[in-house]
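Asker: Below is the structure I would like to discuss, written out as structure tokens.
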Amino acid sequence: MVASSISVAHSPARLVVEARDLRTIEIRQFFPLPETASTTTEYLTDMYFFFPAGFGPVTDTLSNRDFYKRSQVYMRMHSPDLKLQELYDLNSPDNPATILRRKLPLLLTKEAPSGDALTALAQLLGAEVADAVDVKLRFLKRSIRSANIHNLQLTTLESELTSFCADLLSTLNALRRIRLKALAHGAVVHEELRSALYFCAEYLGAVTDEALAELATALDRSDGLRDGTGLLTQMRLEVARTAERVNGWRIDQGLLVPWRADHELFTYRMGLLKKELQQSLYVNTRGGKRDPFVRNTAAMIAAGLAATWATLAQLPLWTGAWATEEGLLFLGVAVGAYILKDRIKEWVRQALAVRWTPWDEDRKVLGDALAQVELGAFHGRAKERFHLLNEEEIPQEIKEIRSRERTVSGLTIENENVIHYARMMSFQQANGNPVPPRYGVQQRFRFNLADFLARLDDPVESVRYFDSRTGRFKRKEMPRVYHINLVVSQSEGAENKRKNSKFRLVVNQKQVLRVEAVEDL
1 MVASSISVAH SPARLVVEAR DLRTIEIRQF FPLPETASTT TEYLTDMYFF
51 FPAGFGPVTD TLSNRDFYKR SQVYMRMHSP DLKLQELYDL NSPDNPATIL
101 RRKLPLLLTK EAPSGDALTA LAQLLGAEVA DAVDVKLRFL KRSIRSANIH
151 NLQLTTLESE LTSFCADLLS TLNALRRIRL KALAHGAVVH EELRSALYFC
201 AEYLGAVTDE ALAELATALD RSDGLRDGTG LLTQMRLEVA RTAERVNGWR
251 IDQGLLVPWR ADHELFTYRM GLLKKELQQS LYVNTRGGKR DPFVRNTAAM
301 IAAGLAATWA TLAQLPLWTG AWATEEGLLF LGVAVGAYIL KDRIKEWVRQ
351 ALAVRWTPWD EDRKVLGDAL AQVELGAFHG RAKERFHLLN EEEIPQEIKE
401 IRSRERTVSG LTIENENVIH YARMMSFQQA NGNPVPPRYG VQQRFRFNLA
451 DFLARLDDPV ESVRYFDSRT GRFKRKEMPR VYHINLVVSQ SEGAENKRKN
501 SKFRLVVNQK QVLRVEAVED L
């Protein structure tokens, strides 16, 4: 059961599915951690990918190993409740900047904190600010798309946008104060901390600049905000003024700006800085010892049975009468048995492995990133399983969800290939070192669809038709798309509370065009 201090909005029911790049989808979840040492929290996620017949025979080309090569799972520490207003408030107790600011004077004492601990705090600050900016930006862009002169959202939207611009500037100024205080301690400041704060400033300057550019683009494309009062123009000018001040801040700090930097170097550097800021937050996983033992045992038993089969089939040949008609028959049986030996070995190995180990991977989770900065630690397990399902193996509840809200109603579902991926997470506190309630684990599951998309037909189809408006026959290039349906089923805790969500991945031969949220149950 999730602790009451955790907002329900940030339970695993809060699910985000989106295209990370042209051919990769990302499924994000946030897992709150237990508040007491005696509590274990468990989260089970089942993902069902429905591939239509146009993708070809998935079952013939996708093995367990292939699936895990195409998919990646990242877990890192995160606090989704932290807002920008808290992240620039240097007196807020949950702000990593506040903790860092309080620890800097200790560098002059015998209780001086380690360089790794302070560096982790700086990296944590940068990662949390970037996440908070992204969350607010998404909200504003949705509001801009939905706002129009016929509703009462315009004034509220202007206020939200103005506050966001002010928060961005306040956050950058708070970061500048932290950097100045660190530099004021001179030689006692660890070189790693100075570099981390510089990288943090450089990356967040770029994140802020890009966020403002996206806001400006969204405003320029919004016809619904043109109400004749000049409100759209005022918001556009506010974004431009803020961007100008951000650029001045970056130049004053000696940071790169894209309009006077080598473009290739700039994008390469920003990619490295993002990884640098987030690496201290990644949750460490390592393989359990039980799984290899079981797998090796199953392999040895399978090999023994296969060898026994092949040997028994050759017993009649030991009489030496292989040249007779009956001997030739036994010779053929022996050759066939030898050919089947490897298949028998694999079948037995898989059957035993599935029976003894229902999970493909079983890994320990070590959440000690925050322990470096005296913010607690936890441990747990992460188990995952991949399986190709036939129609009889699909749970009835999932079939019903798949059949609802169809793009073309009335059609029957035929010849779909179904991939089932399950992941079980369990967490416990480290004894005597609890994690603050606002922090938890964010999981990012990424699945690369490049090999699947390559099998599809060309993304453009030439269609000939008669246009009644002009009385002429015409030909037009129209997009050819395919739909991958995704059903995600999440359960939480011993009470097995289940939440189902359905998404539609609209793709063509080249890329994932968009992700549509179809149903949330």
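At position 212 of the sequence shown (counting the first as 1) the number is 212 in my numbering, and the numbers step up by one without a gap.
For glycine and all other residues, C-beta sits at the position ideal for the given N, C-alpha and C.
1) Does the Cβ-Cβ distance between LEU231 and LEU237 come in under 8 Å?
2) Looking at C-alpha atoms only, which residue of SER79, THR208, TYR203 and MET235 is the closest neighbour of TYR268?
3) Can you tell me where the alpha helix (DSSP H) with ARG563 in it begins and where it stops?
4) Taking only beta-carbon atoms, is ALA240 less than 8 Å away from chain D?
5) Between ILE27 and the rest of its own chain, which residues show a CB-CB distance below 6 Å, the 5 nearest in sequence each way excluded?
6) Which first and last residues belong to the beta strand (DSSP E) in which TYR43 is found?
7) For GLN429, count neighbouring Cβ atoms within 10 angstroms of its own Cβ and tell me buried if that reaches 16, exposed if not.
8) On the CB-based measure, 16 or more other CB atoms within 10 Å of its CB, does ALA454 come out buried or exposed?
9) When we look at the beta-carbon of ASP134 and count the other beta-carbons within 10 Å, is it buried (16 or more) or exposed?
10) Report the rounded CA-to-CA distance for LEU256 versus PHE266, giving the unit in angstroms.
11) Quick check on DSSP: helix, strand or coil for VAL365?
12) Pull up the CB-CB distance for LEU140 and PHE164, whole angstroms please, since I reckon it's below 8 Å.
13) Could you have a look at ASP131 and say whether DSSP puts it in helix, strand or coil?
14) Let me know if PHE473 comes out buried or exposed under the rule of 16 or more other beta-carbons within 10 Å of its beta-carbon.
15) Residues in the same chain with beta-carbon distance under 6 Å from GLU361, minus the five sequence neighbours each way, listed in chain order, please.
16) Would you call the CB atoms of ALA377 and VAL283 closer than 8 Å?
17) Could you name the residues of the same chain whose beta carbon sits closer than 7 Å to that of GLY54, not counting the 5 residues immediately before and after it, in chain order?
18) When DSSP labels each residue in this structure, what does ALA112 get in the three-state scheme?
19) Output the distance between the C-alpha atoms of HIS420 and ASP46, rounded to the nearest integer angstrom.
20) Given a cut-off of 8 Å on the beta-carbon distance, is the pair GLU519 and ARG402 in contact?
21) I'd like the span of the alpha helix (DSSP H) that includes LYS181, first residue to last.
22) Counting only the same chain and skipping the five closest in sequence on each side, list residues whose C-beta sits under 6 Å from that of LEU175.
23) Where does the unbroken alpha helix (DSSP H) through GLY532 begin, and where does it stop?
24) Using DSSP with H/G/I as helix, E/B as strand and the rest coil, what is GLY471?
25) Which whole-angstrom value is the C-beta distance of SER426 and GLY367, which I expect to be below 8 Å?
26) Name the two residues that bound the continuous beta strand (DSSP E) containing GLY380.
27) Extract the residue ranges of the alpha helix (DSSP H) inside the region 72-118, only unbroken runs of 4 or more that lie entirely within it.
28) Below 8 Å on the Cβ atoms is my guess for GLU461 versus MET478; work out the distance and round it to an integer in Å.
29) What is the DSSP secondary structure of HIS483, counted as helix, strand or coil?
30) Rounded to whole angstroms, how far is the Cβ of TYR68 from the Cβ of VAL418, which I believe are closer than 8 Å?
31) So the alpha helix (DSSP H) LYS275 belongs to, where does it begin and stop?
32) Return the CA-CA distance between GLU128 and SER92, expressed in angstroms with no decimal places.
33) Please report the Cβ distance between PRO52 and GLU516, rounded to the nearest whole angstrom; I am assuming they are in contact, meaning their Cβ atoms lie under 8 Å.
34) Relative to the C-alpha of ASN431, which residue among PHE30, GLN29, SER38 and ARG20 is closest?
35) Provide the residue span of the beta strand (DSSP E) that contains LEU505, from first to last.
36) Out of MET75, THR36, GLU35 and SER63, which has the shortest C-alpha to C-alpha gap to VAL441?
Answerer: With the structure as the only source:
1) No, Cβ-Cβ distance for LEU231 and LEU237 is not below 8 Å.
2) Closest by C-alpha distance to TYR268, out of SER79, THR208, TYR203 and MET235, is TYR203.
3) This structure gives no information on residue 563, because the portion of the chain shown stretches from 1 to 521.
4) No chain D is present in this structure, which holds just one protein chain.
5) VAL17 and PHE445
6) 40-51
7) buried
8) exposed
9) exposed
10) 8 Å
11) strand
12) 6 Å
13) helix
14) exposed
15) GLU384
16) no
17) LEU456 and TYR482
18) ALA112 falls in the coil class under three-state DSSP.
19) 7 Å
20) In this structure, GLU519 keeps its C-beta atom at 8 Å or more from the C-beta atom of ARG402.
21) Looking at the DSSP string, the run of the alpha helix (DSSP H) that includes LYS181 is 154-184.
22) ALA201
23) Because the chain in this structure spans residues 1 to 521, residue 532 falls outside the shown range and cannot be described.
24) coil
25) About 12 Å; that fails the 8 Å criterion.
26) 378-389
27) 84-87 and 96-103
28) 5 Å
29) strand
30) The beta-carbon distance between TYR68 and VAL418, rounded to whole angstroms, is 18 Å. This is too long to meet the 8 Å contact definition.
31) 263-278
32) 14 Å
33) Their Cβ separation, rounded to whole angstroms, is 16 Å, which puts PRO52 and GLU516 out of contact at 8 Å.
34) Comparing Cα positions, the closest option is SER38.
35) 497-507
36) MET75
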